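Residues in the sequence shown are numbered consecutively from 1, following this note's numbering.
A virtual CB, placed ideally from N, CA and C, is assigned to each residue, including glycine.
None of the values given here were measured: they were computed from a predicted structure.
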Amino acid sequence: MIRNLTLTLLSLFLLSLPRASAQNIGKLYFLDDDNLLATLDPNTADGNPISPAAVFSGTLAPGTVAVDAEGNRLFFVVADTAQGTLLITVDLDTGIAAPPFILSFSPSFLAYHCQDSLLYAVDGTNTLVSIDPESGAAAAIAPVAPPAIDSTTFTLDPYGNRLLFINSGPLSLELFALSTETGEVLTRLDIGDDISFSNMKYNCRDGQLYGLLDTGPATFARLDPVSATITPLSGPVAPGSFLANSHSLSQSRQAYTFSGIDENGTARLYTLALADGAILSQPAIGPNYFLNNGIAYANRCSAEADFGITSACAGEATSFTNTSTLGASLLWNFGDPASGEANTSTEANPTHVYNNPGVYTITLIATDCGADTLSKELQVIGLADSPFPDSTLACKDDFPVTLNAFTPGTEGATYLWQDESADSTFIVEEADIPLEATVEITLGACVSEFTTFVDLAPDTDCPCLLEMPSAFTPNGDTHNDFFGPVDRNCRIKAGSYTLRVYNRWGEVVFEGTDPDALGWDGNFNNEPQPSEVYFYTLQYISETDQGDVPGEKSGDVTLLR
């Protein structure tokens with residue numbers, strides 16, 4: 001299953017979304033002696049009725065209690081003297097039964113297939129049958145050939161579409177696997193002739209079968225459906241016998257629970273670990289419990305992926321919390337391929353550092369028999385880079401310089417400069433330099449500080465600043481006798497310089513192309529020009545270490561005699 005969830009996280013918080021069905025996962029259900037649906041605590045054997053009234057009358061058919069955990073339903077079959085064989089569905093939350101369906105046969109077992117949402121059973125003619133739990137309609141699949149099936153061993157592998165069971169063959173016990181789709185025999189394995197393996201359940205996590213060896217006292221054992229190897233996991237358990245069809249396997253706890261009698265004749269609810277057969281609990285139970293002996297754990301068909309996020313700022317560790325329902329293995333993808341190998345993790349509660357702000361898609365794949373995928377979008381806030389360089393060098397004609405701390409994506413940020421001003425921009429005058437300008441930027445919960453050193457750029461980086469006088473006096477006293485640029489501290493590209501001076505009739509009275517020449521001496525055609533206002537234009541190209549920079553000037557100049 002693949003699901004997507006879009007989230008915007010603008011501050012620090014923990015996100016987790018509970019699932020309604022998760023409250024029933026792992027619970028053990030049974031029908032108590034008052035014919036009520038109830039939960040059964042495997043640690044204390046205390047029953048807690050759910051149903052407000054009896055959900056059936058008649059006799060519960062052995063081995064026909066099954067649970068659909070995702071659908072919050074429990075199914076069972078009863079023989080009712082008035083109505084016949086009934087398939088009953090009870091809501092796990094309310095304990096209320098839906099109207100029953102009448103079956104035309106009495107099944108020897110009932111199992112729910114969580115992948116195709118059908119119930120499976122074997123009828124009185126030894127035919128494999130599927131039942132639609134929504135309508136009660138039954139469909140024959142194929143005859144089941146073995147004649148001596150131990151009905152306590154029927155168990156489904158919904159991921160492999162297999163029905164497994166043990167048959168008492170003419171010479172030995174045989175483990176069968178049938179296709180739930182066609183009834184075809186997939187495997188048929190000899191498991192020995194001197195044993196009795198009962199109350200069998202399939203564990204999807206390890207693909208193994210678990211049940212009880214009847215050696216007088218019961219022995220908890222594992223059966224490999226590939227090699228047919230039986231491995232005892234416990235010593236003698238329930239020495240006084242065990243009850244057929246009163247068993248279930250918990251995927252979430254990886255435990256097996258069954259009803260048995262101890263050496264003193266006390267009825268007990270035994271729960272053993274699948275890993276090593278260790279007894280986890282064995283509380284005593286009342287004798288009335290055995291009136292309706294079916295028990296069933298609510299096992300999910302697969303994990304349900306879910307997770308919470310503690311969002312952090314860019315450059316800091318964001319934390320992820322796995323809140324999946326089950327999930328024997330986890331695979332995270334943080335949606336940050338630039339982080340390389342750090343982009344994935346198999347940890348339960350990993351962390352990841354997003355170096356850049358932005359929106360990232362986090363994906364968790366939780367696998368427990370079946371896999372579930374959930375994706376959420378995370379907005380990481382903060383400033384990845386300084387809004388200005390470490391040094392801000394400016395030429396004289398660039399002042400005043402404006403430092404701008406705003407960058408796209410930081411709307412709503414607040415600013416604090418070294419002089420306590422709070423605008424996004426800061427003005428630096430030439431008189432202020434050299435200056436170390438510092439700004440603290442706060443965006444949500446993220447605070448960043450950036451600094452730039454402001455000073456004059458080298459002359460070689462700056463274009464020419466050709467200052468032109470407003471008047472000149474060509475009287476031969478060697479002071480201010482020529483009109484042209486003053487204070488030139490730059491390189492002018494050869495062939496780019498042109499200074500023209502116009503009289504009041506628009507006539508060009510001077511044109512110079514040599515930036516190193518003195519300029520106009522106030523004469524035109526060797527004739528002194530009158531004292532009055534003239535107009536000039538100047539075009540040139542500055543050569544800097546940063547490249548060529550075109551420049552031009554124009555204005556009035558007064559000739560005084």
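{"query": "So does the region 146-160 actually touch the region 108-116, counting three or more Cβ pairs closer than 8 Å?", "result": "yes"}
{"query": "Just tell me which of V454, S51 and V501 has its CA closest to the CA of L403.", "result": "V454"}
{"query": "Which class does P337 belong to by DSSP, given the choice of helix, strand or coil?", "result": "helix"}
{"query": "Measure from the alpha carbon of F154 to the alpha carbon of each residue in V226, V90 and A66, then state which is nearest.", "result": "A66"}
{"query": "So, does the region 213-220 touch the region 165-177, judging by three or more C-beta pairs under 8 Å?", "result": "no"}
{"query": "So G260 and L274 are supposed to be a Cβ contact under 8 Å. How far apart are they, rounded?", "result": "That belief does not hold up - the Cβ atoms of G260 and L274 are roughly 17 Å apart, past 8 Å."}
{"query": "Can you say whether D548 is buried or exposed, counting buried as having 16 or more other CB atoms within 10 angstroms of its CB?", "result": "exposed"}
{"query": "If you follow the beta strand (DSSP E) that S198 is in, where does it begin and where does it stop?", "result": "F197 to N203"}
{"query": "Comparing alpha-carbon positions, which option in Y29, T44, Y270 and T498 lies nearest G95?", "result": "Y29"}
{"query": "Using only the alpha-carbon positions, how far apart do P434 and A338 sit?", "result": "38 Å"}
{"query": "Is the Cβ-Cβ distance between R73 and V90 less than 8 Å?", "result": "yes"}
{"query": "Which residues in the same chain as A139 place their Cβ atom closer than 7 Å to its Cβ, once the five residues preceding and following it in sequence are excluded?", "result": "V129 and S130"}
{"query": "According to DSSP, which residues form a beta bridge with P528?", "result": "N523"}
{"query": "Let me know if Q83 comes out buried or exposed under the rule of 16 or more other beta-carbons within 10 Å of its beta-carbon.", "result": "exposed"}
{"query": "List, from N- to C-terminal side, the beta strand (DSSP E) runs of 3 residues or more that fit wholly inside the region 212-286.", "result": "218-223, 230-237, 242-250, 255-261, 267-273 and 279-281"}
{"query": "Looking only at its chain, what residues have a beta carbon closer than 7 Å to the beta carbon of T513, apart from the 5 residues adjacent to it on each side?", "result": "Y497 and T498"}
{"query": "May I ask you to report which of helix, strand or coil DSSP gives D432?", "result": "helix"}
{"query": "In this structure, does DSSP put T180 in helix, strand or coil?", "result": "coil"}
{"query": "What is the residue span of the beta strand (DSSP E) that R73 lies within?", "result": "R73 to D80"}
{"query": "Can you name the start and end residues of the beta strand (DSSP E) that D461 belongs to?", "result": "Per DSSP, D461 belongs to no beta strand (DSSP E) and is neither H nor E."}
{"query": "Evaluate contact between the region 406-417 and the region 433-449, counting only Cβ atoms and requiring at least three cross-stretch pairs below 8 Å.", "result": "yes"}
{"query": "Measure how close the beta-carbons of D78 and L103 come, nearest whole angstrom, since I'm counting them as under 8 Å.", "result": "According to the sequence shown, residue 78 is Val rather than Asp. With 8 Å as the limit, V78 and L103 do not qualify as a contact, their Cβ atoms being about 10 Å apart."}
{"query": "Using 8 Å as the threshold, is the C-beta distance between L364 and L378 below it?", "result": "no"}
{"query": "If we ignore side chains and look at the alpha-carbon of each, how far apart do A328 and A366 end up?", "result": "7 Å"}
{"query": "According to DSSP, what are the bridge partners of E449?", "result": "E440"}
{"query": "Can you tell me the Cα-Cα spacing of R504 and F535, whole angstroms?", "result": "8 Å"}
{"query": "In whole angstroms, give me the CA-to-CA distance for F562 and T85.", "result": "Here the chain has residues from 1 to 561 only, and residue 562 is not among them."}
{"query": "Taking the CB atoms as reference points, tell me whether S531 and R561 lie closer together than 8 Å.", "result": "yes"}
{"query": "Could you name the residues of the same chain whose beta carbon sits closer than 6 Å to that of I209, not counting the 5 residues immediately before and after it, in chain order?", "result": "The sequence as given places Leu at residue 209; Ile does not occur at that position. Only M200, Y202, L223 and P225 meet the Cβ criterion."}
{"query": "Measure the alpha-carbon distance for T44 versus C313 and round it to whole angstroms.", "result": "48 Å"}
{"query": "What does the alpha-carbon distance come out to for the pair T361 and G207?", "result": "33 Å"}
{"query": "Using a Cβ-Cβ cutoff of less than 6 Å, which residues in the same chain neighbour T425 once the five nearest sequence positions on both sides are dropped?", "result": "T402 and N404"}
{"query": "Using the beta-carbon count (16 or more within 10 Å), is L233 buried or exposed?", "result": "buried"}
{"query": "Can you tell me the Cβ-Cβ gap for A278 and L272, rounded? I've got them flagged as a contact below 8 Å.", "result": "7 Å"}
{"query": "What does a CB cutoff of less than 6 Å around V533 pick up in its chain, not counting 5 residues either side in sequence?", "result": "D556 and T558"}
{"query": "Taking all protein chains shown into account, decide if K396 is buried (16 or more other Cβ within 10 angstroms of its Cβ) or exposed.", "result": "exposed"}
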